[in-house]
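Only one structure is covered here, and it is reproduced in the block below.
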Amino acid sequence: MTEIAVVGFAHSVEPKTSGATNGVELLVPLFQRLYADLGITKGDIGFWCSGSSDYLAGRAFSFISAIDAIGACPPIMESHVEADAAWALYEAWVKLRMGEVDTALVYGFGKSTAGELRRVLAMQLDPYTTAPLWPDATALAALQARLGIEAGLWTEKEMAEVAARSTRAEAAALLEASYVADPLREHDCAPYADGATAVVLAAGDRARELCDRPAWITGIAHRIDSPSLGARDLTRAPSARTAAEAAGTDSVEVAELHTPYTHQELVLRRELDLADGVRVNPAGGVLGGHAMFAAGLARIGEAARHIMSGAADRVLAHATNGPLLQQNLVCAMSASPSRSGPAR
Amino acid sequence: MAGLCREAIDRALADAGLDWPDIDAVVLGKAPDLFEGVMMPELMLADAIGATGKPLLRVHTAGSVGGSTGIVAASLVQAGVHDRVLAVAFEKQSESNAMWALSIPIPFQMPVGAGAGGYFAPHVRSYIRRSRAPAHIGAIVAAKDRRNGARNPYAHLKQADITVEKVQASRMLWDPIRYDETCPSSDGACAVVISAAPTSGPAAWIHATAMRTEPTTFAGRDQVNARAGAEAAQALWRDAGITDPLHQVDVAEIYVPFSWFEPMWLENLGFTPAGDGWRLTEAGETDIGGRLPVNPSGGVLSSNPIGASGLLRFAEAALQVRGRAGDHQVDGARTALGHAYGGGSQFFSLWLVGADKPGGAA
């Protein structure tokens, strides 16, 4: 079995707008930083894979111009997913497992602030029955939060405590704010941000050459739930549970979770069976700024950084796509490549 | 959208003799989401395409996406992640006007303002000037592909009676591309099952795959004979052990949205030296029964559901080596090429399939 690790990570996230005009301006600084950190050039990368959305850019084929960030010649082996770039990392992981290449660079980018994203995301819903009602992303999340509260699964106070941990504010003070969409307050909703993420993956000895403590991927898996909001138990995310079971997440010390709303951390804690001692989003996760399509990949990068820095030996990262945690990816990483969960 | 995809998937599963529990994962490809006005439609299609509870990966690499979808699905099996993967690609062009999708004004960028035909016409003129090809080559390709389409029950356009003269008499759209030399705007879907082991009936063995990308514009870029396409082909031939493509490949399904791209891609793929592709076309060697039948299915010129078009090329190549192409079957086809390109001739995906297992008989 090919051993594959995260060996490099660069990320930018800027609430409000970055002022960058396009993906190229967001990506070039990250690529330069990674090349410098790892002592590599463009020519060392065997496979490139990206994640982004045309609906953020308001144009078709928005990922095409981002390729300008890589350079002109020679042609590259490259692919793209119209999803959070965590799924691009998954595609690159598959490519590395095939043994076709030994190094891959994965990137995600987006200008979430360019449009009214909260409203645009309604276009992810069923176009015949749901989208015409224009339920915006925050309104839907509020329905999910309300269902959990009424089922006795969590409280507004526990939601505020998630935010308080991220922002170092007092939960009690947060609860004095008025609602954005009952029962969500501003602190419950991750603000959209411009941003980009880049991660370098490498296999076997190549990973050991590039990094003193590679974050070895011991398991990575993703699943999707039904799009039918009325057919789902919205307080659950079964696809997150099955992805975690497939990836193998035993004895993790740190979990980086992609949670656009505070209550979604509470959903995921249960689905991922996280023990009380697991540190969740120690740097605040996406609640400080949600750079869509780059954020899930950034969770993988942040989790890997805990291993690369020596701060942890075993970590978990989670990424999500779609409304209300519909699609979920779980990536488990260890300081040792031999510590592996089930293969798929 | 759900119905389009499901119809193709049901037929693919029946053809493979498989049922839903046999499928480990689904890969869905399509071109820009703006074409149908649904953001990441794979999310809302998850139930219809049988992905709920399973891994679902969405690929988007411009016009080459159908091919890339097949390659990503194949790699999931080749990497040992899954045993059986369903690849689905679709486009429902009747929801919008895709011809102009390349020309949306974008802040801080020079607008193209030409539509797809206007964008590629200068490339064709440049090809004609370089290769000194006679003016009727494009019409020969168009008439041949439309006649082939009449043999394919799934083709959008069926014009059994079309002639070179009729094509030449059709309205000029983007000099030198005439109305009959242009692909239609189609609704359609394609589904392919990729398996680690044979299922029912004959298999098309995947001998090699290749993907290459280059930026749209840079100083010195050859847009007629793109380096990314040539290098993708070289890698494919190398990995499949092909030293003389024209002799060793029996049939090719090549992405030809505008007629002249047949000779252009024949050269880019290495079937002929640069400047000679049109000679193969003019001699009738790309007809069914010729040395290298190209697009016996009718190709993109007979049906263009954009996101599906690349996977259709790959699937038609597979049908040929499985001997299941019906009225457009090429006799004795053992080795077939599937080709797709996208963007401004900058994204390429290819696969080579054979009736025999790589390295030996089936």
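In the order they appear, the protein sequences are chains A and B.
For my numbering, count along the first sequence from 1 and bump the result up by 3.
For my numbering, count along the second sequence from 1 and bump the result up by 1.
We put the CB at the ideal spot given by N, CA and C, even for glycine.
{"Query": "Within 8 Å (strictly less), CB to CB, does D48/B reach chain A?", "Result": "yes"}
{"Query": "For a contact defined as C-beta to C-beta under 8 Å, what are the partners of G325/A on chain B?", "Result": "M41 and L44"}
{"Query": "Can you check whether the C-beta of A192/B is within less than 8 Å of a C-beta belonging to chain A?", "Result": "no"}
{"Query": "If you run the structure through DSSP and keep just helix, strand and coil, what is N25/A?", "Result": "coil"}
{"Query": "Tell me the DSSP bridge mates of V354/B?", "Result": "I207/B and A337/B"}
{"Query": "Taking S15/A and G198/A to be in contact with their CB atoms under 8 Å, please state how far apart those CB atoms are, rounded to whole angstroms.", "Result": "5 Å"}
{"Query": "Residues of chain B with CB closer than 8 Å to the CB of V104/A, please, in chain order.", "Result": "Here the premise fails: no neighbours, minimum Cβ distance about 11 Å."}
{"Query": "Please confirm whether V84/A has its beta-carbon closer than 8 Å to some beta-carbon of chain B.", "Result": "yes"}
{"Query": "Nearest to D332/B by CA position, among W352/B, D288/B and V28/B, is which residue?", "Result": "D288/B"}
{"Query": "Would you say A306/A and M336/A are within 8 Å of each other, going by their C-beta atoms?", "Result": "yes"}
{"Query": "Under a three-way DSSP split, which group does D176/B fall into?", "Result": "coil"}
{"Query": "With a 10 Å radius around its C-beta and 16 neighbouring C-beta atoms as the bar for buried, classify E85/A as buried or exposed.", "Result": "buried"}
{"Query": "What residues from chain A crowd round D34/B, counting only those whose CB sits closer than 9 Å?", "Result": "S56, D57, Y58, A63, E85 and M126"}
{"Query": "How would you list, in chain order, the residues of chain A whose beta-carbon sits under 8 Å from the beta-carbon of R59/B?", "Result": "V84, E85, A86 and W90"}
{"Query": "Where does F109/B land, buried or exposed, given buried means 16+ other C-beta within 10 angstroms?", "Result": "exposed"}
{"Query": "At the level of alpha carbons, what is the spacing between P340/A and D191/A?", "Result": "37 Å"}
{"Query": "Give me the Cβ distance between V301/B and C184/B, rounded to the nearest whole Å; I'm assuming they're in contact under 8 Å.", "Result": "5 Å"}
{"Query": "Under 8 Å, Cβ to Cβ, is there at least one residue of chain B near P345/A?", "Result": "Residue confidence is low: P345/A scores 41 on pLDDT, short of 50, so the model does not pin down where it sits. Its coordinate-derived value is still stated next. Judged by the 8 Å Cβ criterion, P345/A is not in contact with chain B."}
{"Query": "Between the C-alpha atoms of L5/B and K160/A, what's the straight-line distance to the nearest angstrom?", "Result": "47 Å"}
{"Query": "Rounded to a whole number of angstroms, what is the C-alpha to C-alpha distance between A80/B and E164/A?", "Result": "43 Å"}
{"Query": "Could you tell me the alpha carbon to alpha carbon distance between I107/B and G61/A, rounded to whole angstroms?", "Result": "9 Å"}
{"Query": "Assign D11/B to buried or exposed, taking buried as 16 or more other Cβ atoms, counted over all protein chains shown, within 10 Å of its Cβ.", "Result": "exposed"}
{"Query": "From L319/A to I129/B, what distance separates their C-alpha atoms?", "Result": "57 Å"}
{"Query": "Specify the secondary structure class of S127/B as computed by DSSP and reduced to three states.", "Result": "helix"}
{"Query": "Enumerate in chain order the residues of its own chain whose CB-to-CB distance from A211/B is below 6 Å, with the five nearest sequence positions on each side excluded.", "Result": "A233, A236, L237 and L351"}
{"Query": "Does the Cβ of H321/A have 16 or more other Cβ atoms within 10 Å, making it buried, or fewer, making it exposed?", "Result": "buried"}
{"Query": "In the DSSP assignment, find the alpha helix (DSSP H) that holds G150/B and state where it starts and stops.", "Result": "I138 to G150"}
{"Query": "According to the neighbour-count rule (16 or more other Cβ atoms, all chains shown, within 10 Å of its Cβ), is A206/A buried or exposed?", "Result": "buried"}
{"Query": "If I'm right that E259/A touches G288/A with Cβ under 8 Å, what's the distance once you round it to whole angstroms?", "Result": "7 Å"}
{"Query": "Assuming the contact rule is C-beta atoms closer than 8 Å, L293/B and L247/B should be a hit. Round their C-beta distance to whole Å, please.", "Result": "6 Å"}
{"Query": "I need the straight-line Cα distance from E8/B to H329/B, nearest angstrom please.", "Result": "22 Å"}
{"Query": "Helix, strand or coil for A363/B, going by three-state DSSP, please let me know.", "Result": "Low confidence applies here, because A363/B scores a pLDDT of 45, under 50, leaving its location unreliable; read the following figure in that light. DSSP places A363/B in coil when its eight states are reduced to three."}
{"Query": "How many Å lie between D84/B and M311/A at the Cα?", "Result": "33 Å"}
{"Query": "Comparing C-alpha positions only, which one of Q169/B, V168/B and R152/B sits nearest to A161/B?", "Result": "R152/B"}
{"Query": "With distances taken Cα to Cα, identify the nearest neighbour of A249/A among L143/A, A125/A and L332/A.", "Result": "L332/A"}
{"Query": "Compare the C-alpha of R280/B against each of A170/B, G290/B, G291/B and P264/B and name the closest.", "Result": "P264/B"}
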